[in-house]
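Protein chains: 2
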Amino acid sequence: MDVLVPFAADDPKTRLSEVLSAAERKQFSRSMLEDVLDGLWAVDADPTVLSTAPIDIDGDAAVVVDDRSLSEAVNDRLDPPQAVVVADLPLATAETFRRLFDSAVDADVAVAPGLGGGTNCLVVDHPEFRVDYHGASIRDHRTIADEVGADLTAIDSFRLAVDIDTPADLSEVLLHAEGRTREFLEAAGFELTIRDGRVSVAR
Amino acid sequence: MDVLVPFAADDPKTRLSEVLSAAERKQFSRSMLEDVLDGLWAVDADPTVLSTAPIDIDGDAAVVVDDRSLSEAVNDRLDPPQAVVVADLPLATAETFRRLFDSAVDADVAVAPGLGGGTNCLVVDHPEFRVDYHGASIRDHRTIADEVGADLTAIDSFRLAVDIDTPADLSEVLLHAEGRTREFLEAAGFELTIRDGRVSVAR
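So the sequences go chain by chain: H and L.
Everything in the first sequence is counted per the working numbering, starting at 1054 for the first residue and increasing by one.
Everything in the second sequence is counted per the working numbering, starting at 1054 for the first residue and increasing by one.
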């Protein structure tokens, strides 16, 4: 399966600015990207990083650079069957991606919803489907599938739903992830904290 | 499968106080409970509501009252094979519960992680396992399973991970749920809003 992995190379993850420096945010987002690539390679998928600026990647990932909006850059390259997987899913594993691709076999479009209305993964096998990542994209992708007559299925996955944007999200990495992103956070001195029964992280 | 469904009857969901009155929070939490019971009945599970105070429930749910801490009340009634499912999972469906119980067949303990370190569902088939819901309970339940020599498996489910505690969580109900909880929110005038690309709710 060809997989586009969109990646924001410049000033990534600004909502983490209160806990990570600009240089650390770059390393952190790179770790998440590499975790996603590792998971995709492990199920013999063929990822291409769609980056907003040139980057070097460990391993053999192809990189294409396009600084237009995410939706424009993806739509310009949609060539079904094709998947689009966001780069900030450090909880995703090879098994998760296998479930995603299996669930897509009988559907024109398979989606993995993200928390907060996003669409963290798409598997498209319909010639007229187009992406629209602005706003509550999971709702818009359902509408677009309806409009072009494409059957849509959703995969029910916690690991594909948790994208990492805020300091609160970091606790999910420490609780559930195993890869480079978790290693990065542990090396940077992050640990779980519990106050008034609520779980958070501290450095 | 016998299923305990813990339910906080008095002053529920205080973190929703800024958007729902005390009376509405009672109705809202009752709607979530009834959605969970409907999903469990649909897969022929046998739920018992473990309530902190007497309540009347639509349908035939058994209710037992215990005002001790959640962990004490559950541990006192653990009689494997038995499940414990929290009452605030309005995204859960019959299909989700079927996956949960299927995943538990070959394990001593099956867990569905909740966002923020919780344990939203447990299926226990080991005589020595005990629950501990305080703090990062998913981590503690892994440790307890290790200590008593119980095999633990985790089900990867977005619908079982999203428990509803805060106003931000309500958007997940409007985006993904179908039952009484969604109807309650829509009747109360809630709708999705999108500002700066972020999804929220307004009334």
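In this text, a Cβ means the ideal position worked out from N, Cα and C, and glycines have one as well.
Looking at residue j and residue i, is the spacing between their C-beta atoms short of 7 Å?
i: S1124 of chain L; j: D1185 of chain L; result: yes
i: R1212 of chain H; j: L1103 of chain H; result: no
i: A1140 of chain H; j: F1081 of chain H; result: no
i: I1208 of chain H; j: L1153 of chain H; result: yes
i: R1248 of chain L; j: S1084 of chain L; result: no
i: G1170 of chain L; j: I1191 of chain L; result: yes
i: A1163 of chain H; j: T1105 of chain H; result: no
i: V1201 of chain L; j: E1181 of chain L; result: yes
i: A1165 of chain H; j: G1092 of chain H; result: no
i: A1160 of chain H; j: D1204 of chain H; result: yes
i: A1214 of chain L; j: G1250 of chain L; result: no
i: L1142 of chain H; j: D1216 of chain H; result: yes
i: S1224 of chain L; j: T1149 of chain L; result: no
i: R1256 of chain H; j: F1237 of chain H; result: no
According to DSSP, what are the bridge partners of residue i?
i: P1107 of chain H; result: Beta-bridge pairing links P1107 of chain H to no other residue.
i: A1203 of chain L; result: Looking at the DSSP assignment, A1203 of chain L forms no beta bridge with any residue, so it has no partner.
i: A1115 of chain L; result: L:T1101
i: P1143 of chain H; result: Answer is none; P1143 of chain H lacks a bridge partner.
i: D1120 of chain L; result: Looking at the DSSP assignment, D1120 of chain L forms no beta bridge with any residue, so it has no partner.
i: F1060 of chain H; result: H:S1104
i: V1164 of chain L; result: L:L1175 and L:A1207
i: D1055 of chain L; result: L:D1099 and L:Q1135
Which residues of chain L have a Cβ atom closer than 8 Å to the Cβ of residue i, listed in chain order?
i: G1250 of chain H; result: H1187 and G1188
i: L1257 of chain H; result: With chain H represented from 1054 up to 1256, any question about residue 1257 of chain H goes unanswered, as that position is not in the structure.
i: T1149 of chain H; result: D1209
i: S1104 of chain H; result: None at all; the shortest Cβ gap to chain L is about 20 Å.
i: S1156 of chain H; result: Correct list: empty, because the minimum Cβ distance to chain L is about 12 Å.
Using a Cβ cut-off of 8 Å, pull out every chain H residue sitting near residue i, in sequence order please.
i: H1179 of chain L; result: What H1179 of chain L touches in chain H: nothing, since even the nearest Cβ is about 22 Å away.
i: S1015 of chain L; result: Residue 1015 of chain L falls outside the range modelled here, since chain L spans only 1054 to 1256, and no answer is possible.
Of all the options the options, which has the alpha carbon lying nearest to the alpha carbon of residue i?
i: I1108 of chain L; options: L:L1205, L:D1099, L:G1188 and L:L1086; result: L:L1086
i: N1128 of chain H; options: H:H1194, H:V1254, H:P1166 and H:I1110; result: H:H1194
i: D1088 of chain L; options: L:N1173, L:R1235 and L:A1160; result: L:R1235
i: N1261 of chain L; options: L:T1067, L:V1137, L:D1161 and L:F1237; result: No statement about residue 1261 of chain L is possible, as the shown extent of chain L runs from 1054 to 1256 and does not include it.
i: R1078 of chain H; options: H:A1255, H:V1254 and H:D1218; result: H:D1218
i: A1221 of chain H; options: H:S1210, H:V1254 and H:A1241; result: H:V1254
i: L1245 of chain H; options: L:D1216, L:A1076, L:A1189 and L:T1246; result: L:A1189
i: P1134 of chain H; options: H:K1066, H:L1175 and H:L1238; result: H:L1175
i: D1113 of chain H; options: H:R1251, H:G1250, H:T1101 and H:A1240; result: H:T1101
i: D1199 of chain H; options: H:D1155, H:S1210, H:L1057 and H:H1179; result: H:H1179
i: A1279 of chain L; options: L:E1071, L:A1076 and L:E1231; result: In the structure displayed, chain L extends from 1054 to 1256; residue 1279 of chain L sits before or after that span and is not available.
i: D1119 of chain L; options: L:V1252, L:L1228, L:S1074 and L:V1058; result: L:V1058
i: R1130 of chain H; options: H:V1177, H:D1111 and H:W1094; result: H:V1177
i: I1110 of chain H; options: H:D1099, H:L1090 and H:L1227; result: H:L1090
Could you spell out where the beta strand (DSSP E) holding residue i opens and where it closes?
i: E1244 of chain L; result: E1244 to R1248
i: R1251 of chain L; result: R1251 to A1255
i: V1137 of chain H; result: Q1135 to V1138
Quick one: list the residues of chain L neighbouring residue i, beta-carbon separation under 9 Å, in chain order.
i: L1228 of chain H; result: P1166, G1169, G1170, A1189, I1191 and R1192
Would you mind telling me which residues of chain L sit closer than 7 Å to residue i, beta carbon to beta carbon, in chain order?
i: R1212 of chain H; result: D1209
i: S1124 of chain H; result: Those do not exist, as S1124 of chain H stays about 12 Å from chain L at its closest Cβ, beyond 7 Å.
Within the continuous alpha helix (DSSP H) that includes residue i, where are the two ends?
i: D1088 of chain H; result: A1075 to A1095
i: T1172 of chain L; result: From DSSP, T1172 of chain L is part of no alpha helix (DSSP H) but of the beta strand (DSSP E) over T1172 to V1177.
i: A1230 of chain L; result: Counting along the chain, A1230 of chain L falls outside any alpha helix (DSSP H), and DSSP gives it neither H nor E.
i: F1211 of chain L; result: F1211 to A1214
Using a Cβ cut-off of 9 Å, pull out every chain H residue sitting near residue i, in sequence order please.
i: S1084 of chain L; result: The contacting residues do not exist; S1084 of chain L stays about 21 Å from chain H at best.
i: S1070 of chain L; result: Near S1070 of chain L there are no residues of chain H at all, since even the closest Cβ is about 16 Å away, more than 9 Å.
With 7 Å as the threshold, decide whether the Cβ of residue i is near any Cβ in chain C.
i: P1166 of chain H; result: The structure shown contains no chain C; the protein chains it does contain are H and L.
Tell me whether residue i counts as near the ligand ATP, meaning its Cβ is closer than 6 Å to at least one heavy atom of that ligand.
i: L1142 of chain H; result: No copy of the ligand ATP occurs in the structure displayed, which carries no ligand at all.
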